[in-house]
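One structure below.
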Amino acid sequence: MKWRNGSLRRRLVIWLLIPLLVISSLMLLEVRSNAVRSTNQAFDRALLSSALAIADRVVMIGGKIEVDVPYVALEMLTSAAEDRVFYQVSTGQGEFITGYEDLPPVPDRLLPLREEPVFYDAVYNGEPVRIGALSRYVASVRKATRFQVLVAETMGTRTSLSEDILASAAARQIVLIMLAAIIVWFGIGQGLKPLTRLEEALNRRSPTDLRPILHDVPTEVRHLVGAINQLFGRLENSLKTMQRFTADAAHQLRTPLAALRTQAELGQREDDPEKMRQIMETIASSTRQTSHLANQLLASARAAPEGLAGRPFEKIDLCAITRAVTSAKVPAAIENGIDLGYEGLTEPVLIMGDATLIEELLKNLVHNALIYCPDGSAVTVRLENDRKPGFVRLSVEDNGPGIPIEHHKDVFKRFYRMSESGQEEGCGLGLSIVKEIAARHDTKVKLTQPERNSGCVFSISFKRSS
Ligand SMILES: Nc1ncnc2c1ncn2[C@@H]1O[C@H](COP(=O)(O)OP(=O)(O)OP(=O)(O)O)[C@@H](O)[C@H]1O
Ligand SMILES: [Mg+2]
Numbered sequence: 001m002k003w004r005n006g007s008l009r010r011r012l013v014i015w016l017l018i019p020l021l022v023i024s025s026l027m028l029l030e031v032r033s034n035a036v037r038s039t040n041q042a043f044d045r046a047l048l049s050s051a052l053a054i055a056d057r058v059v060m061i062g063g064k065i066e067v068d069v070p071y072v073a074l075e076m077l078t079s080a081a082e083d084r085v086f087y088q089v090s091t092g093q094g095e096f097i098t099g100y101e102d103l104p105p106v107p108d109r110l111l112p113l114r115e116e117p118v119f120y121d122a123v124y125n126g127e128p129v130r131i132g133a134l135s136r137y138v139a140s141v142r143k144a145t146r147f148q149v150l151v152a153e154t155m156g157t158r159t160s161l162s163e164d165i166l167a168s169a170a171a172r173q174i175v176l177i178m179l180a181a182i183i184v185w186f187g188i189g190q191g192l193k194p195l196t197r198l199e200e201a202l203n204r205r206s207p208t209d210l211r212p213i214l215h216d217v218p219t220e221v222r223h224l225v226g227a228i229n230q231l232f233g234r235l236e237n238s239l240k241t242m243q244r245f246t247a248d249a250a251h252q253l254r255t256p257l258a259a260l261r262t263q264a265e266l267g268q269r270e271d272d273p274e275k276m277r278q279i280m281e282t283i284a285s286s287t288r289q290t291s292h293l294a295n296q297l298l299a300s301a302r303a304a305p306e307g308l309a310g311r312p313f314e315k316i317d318l319c320a321i322t323r324a325v326t327s328a329k330v331p332a333a334i335e336n337g338i339d340l341g342y343e344g345l346t347e348p349v350l351i352m353g354d355a356t357l358i359e360e361l362l363k364n365l366v367h368n369a370l371i372y373c374p375d376g377s378a379v380t381v382r383l384e385n386d387r388k389p390g391f392v393r394l395s396v397e398d399n400g401p402g403i404p405i406e407h408h409k410d411v412f413k414r415f416y417r418m419s420e421s422g423q424e425e426g427c428g429l430g431l432s433i434v435k436e437i438a439a440r441h442d443t444k445v446k447l448t449q450p451e452r453n454s455g456c457v458f459s460i461s462f463k464r465s466s
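So the sequence shown is numbered by full-length UniProt numbering: it starts at 1 and just counts up by one.
In structure tokens form, the structure reads like this:
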């Protein structure tokens with residue numbers, strides 16, 4: 001967790017350093033094997049010259065091989081103080097002639113020895129040595145016979161030379177890695193500067209300034225800024241909804257509350273029980289109206305885009321919701337003398353949406369039908385397959401007075417009421433709530449006239465979710 005939260009700069013430097021260290025270790029391994037190979041090549045040549053010089057001095061005297069070792073040849077090799085040189089001359093069959101008898105013999109994999117010299121590593125007297133070996137013929141008048149020369153040299157100079165090469169390569173790598181780390185450290189600081197400027201600009205903003213961020217930012221953070229801008233947009237909508245709610249609440253509730261107060265004050269001064277009862281009735285009805293208004297204001301705030309109760313959509317069963325809301329409204333319908341019924345699909349109908357908002361939408365449509373239709377009217381809630389494949393249509397139809405065509409647009413506006421709707425309870429928010437909830441579900445409310453009767457049909461088409 002600490003690692004995730006830590007500094008970006010430190011994380012990047014570490015991410016750079018670890019692979020760099022691994023790569024340079026591999027490179028150093030390669031340098032080391034190259035250094036050993038090159039020093040061997042150079043020193044083996046000197047070893048060969050000594051072996052050749054010795055071979056030149058091998059003669060056959062009276063059928064016997066004899067050698068007059070040229071010490072100068074060996075001195076060529078021992079120029080480095082710490083190295084020692086050993087030699088051995090033997091017959092082709094391996095019989096010792098002169099030199100150091102116990103020198104490590106030529107390994108089997110390099111046998112048989114011919115004119116071509118061979119070189120191998122071995123240990124002599126507990127010390128690592130490099131040995132060069134070659135074979136030649138020596139001839140007398142009567143016969144020619146093979147002999148072999150081994151020249152061994154301790155590895156001190158070779159080792160220290162290849163170690164020097166390795167050390168200087170390692171030093172170069174370390175300097176390079178340190179420079180890279182420093183450059184990245186400061187480079188990231190430079191790269192992050194636009195973010196610092198962005199931070200300063202955001203710090204200077206007022207809390208209500210939710211305009212999109214238009215600063216130039218590096219490509220890598222452009223998506224982040226885009227997401228922040230989208231959030232700003234949603235926040236601004238929420239803020240507007242809240243401001244609208246507060247302004248509406250203050251404005252709309254003021255009058256009924258003042259009326260309530262007047263009635264209550266009147267009641268305080270009234271002694272006549274009959275007048276008192278009338279005042280109490282008025283108070284009860286004003287309270288109902290005010291609480292309905294408060295409920296509708298809240299519902300409207302919830303229905304608004306990015307509304308106060310903005311919840312992510314989920315799969316919901318539109319059929320179950322429709323039938324449940326219709327059943328719940330039956331007692332109210334009976335009370336108003338209206339025949340309320342459900343028709344249409346009975347199986348689950350899945351859509352993506354917010355169940356509470358859909359319930360609110362349906363309640364408003366049914367409520368309107370119940371209060372604006374006279375006794376004896378019929379109201380039908382219907383859920384059926386739409387003509388458009390993959391869509392379902394939810395509708396509420398009544399055979400009441402209907403809405404004249406010239407009002408069709410206006411009835412969806414906030415606080416718009418038709419003058420002839422004498423109902424005391426209404427506050428003109430119901431259909432605007434329905435419209436906003438439909439918009440939240442990417443659809444529209446349609447208001448039409450029924451084919452045969454008077455009355456009106458409100459219908460909304462929803463996309464099915466599989
Ligand atoms: N089914 C209907 N039949 C006849 N007129 C209707 C019907 N539905 C709505 N109206 C008319 O449309 C107007 C607006 O309706 P809306 O639901 O928006 O407001 P409201 O019912 O007056 O108040 P609220 O629903 O906020 O309590 C109503 O005043 C009413 O005149
Ligand atoms: Mg209404």
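Using N, Cα and C, we set each Cβ at its ideal position, and we do this for glycine too. All values derive from a computational prediction rather than experimental measurement.
Could you work out which residue in K193, V36, I371, G226 is closest to T157 when comparing CA atoms only? Checked all of K193, V36, I371, G226; the closest Cα to T157 is V36.
Which of the three DSSP states, helix, strand or coil, is assigned to P19? If DSSP states are grouped into helix, strand and coil, P19 belongs with the helices.
Just to confirm, is the Cβ distance from V221 to I213 under 8 Å? Taking the C-beta atoms as reference points, I213 is found no nearer than 8 Å to V221.
For a test of your reading of the model: does the CB of H251 fall under 7 Å from any non-hydrogen atom of ligand 1? Yes or no. Result no, Cβ not under 7 Å from ligand 1.
Does the Cβ of H408 lie closer than 7 Å to at least one heavy atom of ligand 2? No - ligand 2 has no heavy atom lying nearer than 7 Å to the Cβ of H408.
Helix, strand or coil for G337 per DSSP? In this structure, G337 counts as coil in the three-state DSSP scheme.
Length of the line joining the Cα atoms of L239 and L298: In a straight line, the C-alpha of L239 is about 15 Å away from that of L298.
On the three-state DSSP scale, how would you describe R387? Secondary structure of R387 (DSSP, three-state): coil.
To the nearest angstrom, report how far apart D44 and L161 are at their CA atoms. Answer to the nearest angstrom: the Cα atoms are 14 Å apart.
As a quick exercise: from S24, G426, F415, pick the residue whose alpha carbon is nearest that of A180. Cα-wise, what sits closest to A180 is S24.
Minimum Cβ-Cβ distance from H408 to chain D less than 8 Å: Going by chain labels, chain D is absent from the structure shown, which holds only one protein chain.
Please classify V379: does DSSP put it in a helix, a strand, or coil? In this structure, V379 counts as strand in the three-state DSSP scheme.
Residues sharing a beta bridge with A152, DSSP: Answer is F86, I131.
If you reduce the DSSP assignment to three classes, tell me which class Y100 lands in. Coil at Y100, not helix or strand.
Once the 5 residues before and after R288 are set aside, which same chain residues still bring their CB inside 6 Å of it? If we look at R288 and ignore the five residues flanking it on each side, it has no Cβ neighbours.
Counting along the chain, where does the alpha helix (DSSP H) carrying M352 start and finish? Per DSSP, M352 belongs to no alpha helix (DSSP H); it is in the beta strand (DSSP E), 350-353.
According to DSSP, is E200 helix, strand or coil? The answer is helix: DSSP assigns E200 an H, G or I state.
Best match in K463, I61, L365 for proximity to K388 [C-alpha to C-alpha]: Minimum Cα distance to K388 is reached at K463.
By how many angstroms is the C-alpha of E153 removed from the C-alpha of A42? For A42 and E153, the distance between alpha carbons rounds to 13 Å.
Taking the C-alpha atoms as reference points, what is the distance between F362 and Q296? According to the sequence as given, residue 362 is Leu; it is not Phe. Each residue's Cα considered, the two are about 14 Å apart.
Beta carbon of V457: closer than 7 Å to some heavy atom of ligand 1? No, the Cβ of V457 stays beyond 7 Å of every heavy atom of ligand 1.
Once DSSP output is grouped into helix, strand and coil, what is the label at F462? DSSP, read as helix, strand or coil, puts F462 in strand.
How is the alpha helix (DSSP H) around D303 delimited, first residue to last? For the record, residue 303 in the displayed sequence is Ala; it is not Asp. Boundaries of the alpha helix (DSSP H) around A303: 273-303.
Which two residues bound the contiguous beta strand (DSSP E) that contains L447? Per DSSP, the continuous beta strand (DSSP E) segment holding L447 begins and ends at 445-448.
Do you know offhand how far G233's Cα is from K409's? Between G233 and K409, the C-alpha separation is close to 28 Å.
Roughly how many angstroms separate the alpha carbons of L293 and Q263, rounded to a whole number? So the alpha carbons of these two residues sit roughly 19 Å apart.
Given the structure, does H367 come close to ligand 4, in the sense that its CB is under 7 Å from one of the ligand's heavy atoms? Questions concerning ligand 4 fall outside what the structure shown contains, since the ligands it does hold are ligand 1 and ligand 2.
Comparing the CB of N364 with every heavy atom of ligand 1, is any distance shorter than 7 Å? Yes, since a heavy atom of ligand 1 falls inside the 7 Å radius drawn around the Cβ of N364.
Could you tell me the distance, in whole angstroms, from the CA atom of G400 to the CA atom of R269? If you take the alpha carbons of G400 and R269, they lie about 44 Å apart.
Contact belief for R114 with S140 at Cβ below 8 Å, rounded distance in angstroms: Actually they are not in contact, since the Cβ atoms of R114 and S140 sit about 21 Å apart, beyond 8 Å.
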